[in-house]
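Student: Counting from 1, position 144 in the sequence shown corresponds to residue 144 in full-length UniProt numbering; the numbering is continuous, with no gaps. Just dropping this structure here.
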Amino acid sequence: MSWMDAVKEIDPTTWEIISNEEDRQRNTIRLIASENYASQAVMQASGSVFTNKYAEGYAGKRYYLGQEFVDQIERLAIERAKSVFGAEHVNVQPYSGSPANLEMYYALLELGDKILGMGLPHGGHLTHGWNVNFSGRFYTASAYGVNPETERIDYDEVRRIALQERPKLLMCGASAYPREIDFEAFKSIADEVGAYLVADIAHISGLVAAGVHPSPVPVADVVTSTTHKTLRGPRSGIILCKDKFAKDIDRAVFPACQGGPHVHAIAALAVALHEASQPDFKDYASTVVANAKAMAEAFLSRGYRLVTGGTDNHLLLVDLTSKDVGGKAAAVAMEKAGIVANANSIPFDTRKPFDPSGVRIGTAAITTRGMKPEHMDTIVGWIDKAVLSREDESALGRINQEVREFCQSFPVP
Ligand SMILES: *Cc1c(COP(=O)(O)O)cnc(C)c1O
């Protein structure tokens, strides 16, 4: 952490907390599906002098002076995003994924308009119309879920609900869905009911960038994403759209919903997009998926049930019902063993959201450290042991020691 020498000198209290977090990230197996390790290059750009700059407006049309290099960095990030995703128009200013969705709705809808998105309990995101979120308050939201048998999106059912509800905007994309999303199928439903199609690829944008998940960019009207999940960039957001929505999207981001952009995050995004355009990022993304599939096998061989029976992407939803333990207790035991994941609802969950039946597991972060399919059985073996010996503190401590030693072989960026 030598680049934090100034923090250490000026504010040792904060430095120590950051330093402890760095150790935690190094010494644990991080399986939270939305998390990753950004590269040193991304971190440095994110900590750069662009933190000091105000830049309300867009390149060439700013409100303050001194924008020569801000304009260059924003244009660079936009050009790279266009090239990585094949997008017609890109806005790189959203502060994160939720603001990107706020801005997208603001651009396309009037207050009270109907939206249709995947329900939160079935893997959708809060911003897709959930009632405690602005999206469920400002718009008239309805939800589709997964099929009770297959636990996959049932496109006939989505079509039936769309025909019944007649939404002005159809949202696809999820936070806890382990299967490929058929954007073409969503597009034909949206067209049939005259709705905009928006794809939120917050979780899978790295897989899409690398071509290991189909891209919604050619078919959807608008695509929103975070940049810090599988894309492995800074904490930020991005909106990609067809040219005909460009003006409305840009106005919605600034001045409607945001003030000055986080130029340091835009600089870091430019770096991340450069990394994502390199051949080794394709290897990274395909190993993310290979690791998730290997992990699925390892769980199935130990008698765990997986939602949909497996995975096509970077995440798994493990149903713990057959092991007679709730997701919360399992996740707490795993953390004591040095393996960090989150409890998660499974579709049609009979338990409460704060202590649901499942655990969500993702491979984006461990793949960045160089863990490979041959390591997945070892990790799942530890998870299984931790879940089974969850009352036994000393057993959990022993696993933690093994995990810590294992982690030493996989450097973090
Ligand atoms: C993570 C996520 C978001 C929100 O991103 P934040 O950066 O946490 O605001 C939006 N949509 C989906 C599908 C997500 O998974």
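All C-beta atoms in this analysis are idealised placements derived from N, C-alpha and C, irrespective of residue type, glycine included.
Going by DSSP in three states, S139 sits in which element: helix, strand or coil?
Tutor: Here the sequence assigns Tyr to residue 139, which means Ser is not the residue at that position. Here Y139 sits in coil by DSSP.
Student: For the region 214-259, which segments carrying the beta strand (DSSP E) assignment without a break, of at least 3 residues, lie completely within its bounds, in sequence order?
Tutor: List check, beta strand (DSSP E) in window: 222-226, 237-241.
Student: Rounded to whole angstroms, how far is the Cβ of L388 from the Cβ of K336, which I believe are closer than 8 Å?
Tutor: The Cβ separation is near 13 Å, so there is no contact.
Student: Is the region 253-260 touching the region 286-302 in the sense that three or more CB pairs, one from each, lie closer than 8 Å?
Tutor: Taking 8 Å as the limit for Cβ pairs, the verdict is that the region 253-260 does not touch the region 286-302.
Student: Compute the Euclidean distance between the alpha carbons of V271 and Q44, then round it to the nearest angstrom.
Tutor: One C-alpha to the other measures close to 10 Å.
Student: Could you pull the DSSP bridge partners for H89 from this structure?
Tutor: In DSSP, H89 forms a bridge with C241.
Student: Quick check: does the Cβ of T226 come within less than 7 Å of any heavy atom belonging to ligand 3?
Tutor: Only ligand 1 can be found as ligands here, which leaves ligand 3 out of the picture.
Student: Please work out which residues of its chain come closer than 6 Å, Cβ to Cβ, to V70, disregarding the five sequence neighbours upstream and downstream, and give them in chain order.
Tutor: Result list for V70: K53, A55, V263, in chain order.
Student: Specify whether the region 103-121 and the region 74-87 touch according to this definition: at least 3 beta carbon pairs, one from each stretch, less than 8 Å apart.
Tutor: Not touching, per the Cβ criterion.
Student: Going by beta-carbon coordinates alone, are I239 and T227 separated by less than 8 Å?
Tutor: No. Outside cutoff.
Student: What are the residues that DSSP puts in a beta bridge with residue 414?
Tutor: A question about residue 414 goes unanswered here, because the residues of the chain that appear run from 1 up to 413.
Student: Got a sec, what are the start and stop residues for the alpha helix (DSSP H) A343 sits in?
Tutor: From DSSP, A343 is part of no alpha helix (DSSP H) but of the beta strand (DSSP E) over 342-344.
Student: How many Å lie between A38 and W15 at the Cα?
Tutor: Those two C-alpha atoms are separated by around 19 Å.
Student: Take the Cβ of F245 as the centre, count every other Cβ of all protein chains shown within 10 Å, and call the residue buried at 16 or more, exposed below.
Tutor: Per the 10 Å Cβ criterion, buried.
Student: Would you call the region 114-134 in contact with the region 168-188, where contact means no fewer than 3 C-beta pairs closer than 8 Å?
Tutor: Result yes; three or more Cβ-Cβ pairs closer than 8 Å.
Student: Which residue from L269, T368, A298 puts its Cα closest to that of A285?
Tutor: Selected option, being the one with the closest Cα: T368.
Student: Helix or strand or just coil, what does DSSP make of D319?
Tutor: Reduced to three states, the DSSP call for D319 is strand.
Student: Are there three or more Cβ pairs, one per stretch, closer than 8 Å when the region 136-151 is compared with the region 186-200?
Tutor: Touching, no.
Student: DSSP three-state label for V359, please.
Tutor: V359 falls in the strand class under three-state DSSP.
Student: At the level of alpha carbons, what is the spacing between C241 and V212?
Tutor: Cα to Cα, the separation comes out at about 21 Å.
Student: Count the other CB atoms within 10 Å of the CB of Y63; is the residue buried (16 or more) or exposed (fewer)?
Tutor: It is exposed - the Cβ of Y63 has fewer than 16 other Cβ atoms within 10 Å.
Student: Expressed to the nearest angstrom, what Euclidean distance is found between the alpha-carbon atoms of Q164 and M171?
Tutor: The alpha-carbon atoms of Q164 and M171 are separated by roughly 16 Å.
Student: Any heavy atom of ligand 1 within a distance shorter than 7 Å of the CB on G237?
Tutor: Flag set: Cβ of G237 near ligand 1.
Student: Using 10 angstroms around the beta-carbon of R390, count the other beta-carbons present and answer buried if the total reaches 16, otherwise exposed.
Tutor: Under this definition R390 is a buried residue.
Student: Alpha carbon to alpha carbon, how far is S46 from D392?
Tutor: For S46 and D392, the distance between alpha carbons rounds to 42 Å.
Student: Hey, E35 and A365: beta-carbon distance below 8 Å or not?
Tutor: Yes, the pair counts as a contact, with Cβ atoms nearer than the cut-off.
Student: Just to check, is the beta-carbon of H125 closer than 7 Å to a non-hydrogen atom of ligand 1?
Tutor: Because some heavy atom of ligand 1 lies under 7 Å away, the Cβ of H125 counts as near it: yes.
Student: Provide the residue span of the alpha helix (DSSP H) that contains I366, from first to last.
Tutor: It spans 364-368 - the alpha helix (DSSP H) in which I366 sits, taken as one unbroken run.
Student: Measuring only from the beta carbon, is N313 closer than 7 Å to any heavy atom that is part of ligand 1?
Tutor: No.
Student: Please list, in chain order, all residues of the same chain as residue 423 whose beta carbon is under 6 Å from its beta carbon, the five residues on each side excluded.
Tutor: Not covered by the structure: residue 423. The range shown for the chain is 1 to 413.
Student: Shortest alpha-carbon distance to T51 belongs to which of Y144, A265, T363, I32?
Tutor: Residue A265 is the option with its Cα nearest to T51.
Student: Answer yes or no: the CB of H262 versus the heavy atoms of ligand 1, is any distance below 7 Å?
Tutor: Answer for H262: no, Cβ out of range of ligand 1.
Student: Mind checking whether the beta-carbon of N101 lies closer than 7 Å to any heavy atom of ligand 1?
Tutor: At least one heavy atom of ligand 1 is nearer than 7 Å to the Cβ of N101, so yes.
Student: Evaluate T350 with the Cβ neighbour count: other Cβ atoms within 10 Å of its Cβ, from every protein chain shown; 16 or more gives buried, anything less gives exposed.
Tutor: Exposed.
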